[in-house]
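Chains as they are written, first to last, in the working numbering: chain A, 11 to 463; chain B, 11 to 463. Don't be surprised by glycine CBs; every beta carbon is placed ideally from N, CA and C. Step one of this worksheet: look at the structure below.
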């Protein structure tokens, strides 16, 4: 189980406790949502990790589609349709895919309509896929009319259809029931998975949106859901001070009121960067609101930034330590990597090791150290420095980097966000301004406006 | 040549002009630096793109090391030692490496001591490298004693030494002349390249730090430098209002004074994300300062964020449009991708195309569109929406995504930063607080403190 600490949040304990207690009625509401177990309220995503029907449906379709020749799962979706999947896949395998050319299946994510990426992706499929068994294409669009997803999906299908029309059997569509895409897929006899209407993209990682491609990509979705459930179960207790995602929201809220308009999630594992990007959407869309629930213009919101240790210590540490005091930080770290090497005694294949030293004499204290020991030292050194500079931070210590721990973390953050929206008195579940640019884009696409430089 | 627009910066023209004119003395100083052509002043990085000796040295070493069997260049460096290289490589090839398995040579970046990444990297080298010719290892550390770089370099060397001690001939060290690493490499007869002492990491992309690995990785460094020079040459004119990086700094400065503490660089090309990460260091380390040049405690700094279109419209657009008005944005886009496909008529290999439509009927206006036309529409739609919301932005239109254009962009940003530091009255070239966490880390490493959960 993860550990959460707010010892360095620099908020007086009385404030923390008083604010936390204002959340008791909302906690009771979440408890009710979990008791009723349906998908009819904004917070219903809390029920996804417990949904046995959903799990059975996903596993059953996965078993029909996955075979020993499967090489690639193409995840075609954008925003809430792919960020959670990518978060978990990258943390588990994706960050090392370039270094494991022979491992399969791999998930390839296709989100935006970048001309260069789309060109290389289609050329890659054309050259590297020889039978339908080698590929699964999962098109994911909650609305069913996402411009990028419809365009990219059509492009990929056409590339594969040049080989054979049988590739249509390798396509799975995940969308809201009765969306236009749903109807079209139904008419074409394409396999489908649905998303509960009330669950928005950014809360949908534990629905079919995330579970199906992850299962196909070899991620253990059962332990992922175990992790998520362990956080949901925290909500069943009555002492708000013991509910860590709730306390995290209280710190973020109080620090935001004190002028911290940036929340830096500082991951000391590069493979968790995509987890940060998932959280960026969760924060950005949930909290960035023109008006509060009383209709007052508030322009609420906290800007999420992602830092990666130790890389970004060599990039933005100077800003964080010396610059404006406009940030609240959450450090995320696990002391238990799945793999670890020792410098002077590592031995990948049982061979005798060369005892020669090349550069290690430049920093003698590195000798005999494990990679994790170096990272531990940098992590502790960084926290000490934040303390010395009186910079506020929270800390999440993941038990390890397993799928279970990832499930815990993502669920922690979704629950944190629900409480934080409540404290800010805004609608945590809508995204009214996203339509603004979509309307402008649609106008341009339909009018066939040409742009000349 | 790139185009720069501040038409939507929402700053009164008088303010812009008055502030720009205060930079005339500093512009004159930059002109002097470029006239003297040495490496003795803080701004000397301006002379790198014109340095024929440097170019000749890099090309000569590259020609000795690169051969037709070369598969991988391992770039071992962190922060200023690799961010510029990665920016240009990823924009040119790296973002598509997973989709071009057969293309070589590829650059693999090894920066932090992530236990999992280091494990997979060493296993990969152990399994996939069979002769010294297939690899070049470039270890880069300005100080020569960067913890992560020394550790990772030693680890990689040992892995390769298990195969043969001849791999030492495939190692190139880039460091300050007479650093401890320089002396050690000299004693071991390892090939070396130096960095001018005065040029800090974040301004070093056009030194051997960036040029050597990029040249080995197949990037055309001559046109890269051409692009950089075209920006430097802008500095030779006397009308400050015509110098675009100077005007960009003026907008950032004036908007920062009005409370915009975040500068979002919004790239509408995912392959430029690493360019954004390079700029993040440039801004973070250059501007994030506790004290100004008069010793006054100011906590100066602008927090750089990177957004990627259209991906992040589905992530943080709601925050940007509806949330706090704490951001100034720079949009970066080119209308000329190197590759482009048309939806209903794309034909990768001269085959007749399947005319079947699958999902395109869901959005009929997509039919017959090029990928770039979709992106153009989203880009223009986004800008219109920013205008409607009165959100301030600047725009950089890259001529194309060539190496030349990348050289222009990076040099533009380094010059912008010099002017911006001047306006903020801070030392743009030091990074005093970075030492803080390094000292703490060193204490822990040397004391062999064990951490027990």
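With 16 other Cβ atoms within 10 Å as the buried cut-off, status of residue i
i: residue 314/B; result: buried
i: residue 446/B; result: buried
i: residue 57/B; result: buried
i: residue 46/A; result: exposed
i: residue 252/B; result: exposed
i: residue 38/B; result: exposed
i: residue 141/B; result: exposed
i: residue 361/A; result: Note that residue 361/A scores 48 on pLDDT, short of 50, meaning its location in the model is unreliable and no value can be drawn from it.
i: residue 393/A; result: buried
i: residue 295/A; result: buried
i: residue 456/A; result: exposed
i: residue 400/A; result: exposed
Test item: CB-CB of residue i and residue j under 7 angstroms
i: residue 424/B; j: residue 340/B; result: no
i: residue 86/B; j: residue 203/B; result: no
i: residue 318/B; j: residue 283/B; result: yes
i: residue 90/A; j: residue 288/A; result: no
i: residue 226/B; j: residue 68/B; result: no
i: residue 384/A; j: residue 161/B; result: yes
i: residue 230/A; j: residue 436/A; result: no
i: residue 190/B; j: residue 154/B; result: yes
i: residue 159/B; j: residue 135/B; result: no
i: residue 395/B; j: residue 450/A; result: yes
i: residue 298/A; j: residue 329/B; result: yes
i: residue 254/B; j: residue 14/B; result: yes
i: residue 224/B; j: residue 427/B; result: no
i: residue 241/A; j: residue 422/A; result: yes
i: residue 413/B; j: residue 235/B; result: no
CB contact below 7 angstroms: residue i versus chain A
i: residue 443/B; result: yes
i: residue 334/B; result: yes
i: residue 109/B; result: yes
i: residue 164/B; result: yes
i: residue 361/B; result: At residue 361/B, the pLDDT of 48 sits below 50, so the modelled position is not reliable and the matter cannot be decided from this model.
i: residue 36/B; result: no
i: residue 263/B; result: no
i: residue 397/B; result: no
i: residue 405/B; result: no
i: residue 292/B; result: no
i: residue 347/B; result: yes
i: residue 27/B; result: no
i: residue 382/B; result: yes
i: residue 196/B; result: no
i: residue 68/B; result: no
One or two residues paired with residue i in a DSSP bridge
i: residue 149/A; result: 86/A and 183/A
i: residue 310/B; result: 299/B
i: residue 203/A; result: 184/A
i: residue 342/B; result: 277/B and 406/B
i: residue 335/B; result: Bridge partners of residue 335/B: none, in fact.
Neighbour flag for residue i against chain B, beta carbons, 7 angstroms
i: residue 298/A; result: yes
i: residue 247/A; result: no
i: residue 295/A; result: yes
i: residue 270/A; result: no
i: residue 243/A; result: no
i: residue 218/A; result: no
i: residue 447/A; result: yes
i: residue 124/A; result: yes
i: residue 438/A; result: no
i: residue 280/A; result: yes
i: residue 101/A; result: no
i: residue 190/A; result: yes
i: residue 350/A; result: yes
i: residue 273/A; result: no
*asked:* To test your reading of the DSSP string, which unbroken beta strand (DSSP E) runs of 3 or more residues are found completely within the segment 95-176 of chain A?
replied: 116-120 and 145-150
_In chain order, what are the residue ranges of uninterrupted beta strand (DSSP E) at least 3 long that sit wholly in the segment 359-443 of chain B?_
403-408
*asked:* Please give me, in chain order, every unbroken run of the beta strand (DSSP E) with length at least 3 that falls completely inside the segment 232-303 of chain B.
replied: 272-277 and 299-301
*Those runs of the alpha helix (DSSP H) which lie wholly inside the segment 32-74 of chain B and span at least 4 residues*: List check, alpha helix (DSSP H) in window: 34-46.
_Beta carbons nearer than 8 angstroms to chain E: which residues of the segment 130-151 of chain B have them?_
Of the chains in the structure shown, none is chain E; the protein chains are A and B.
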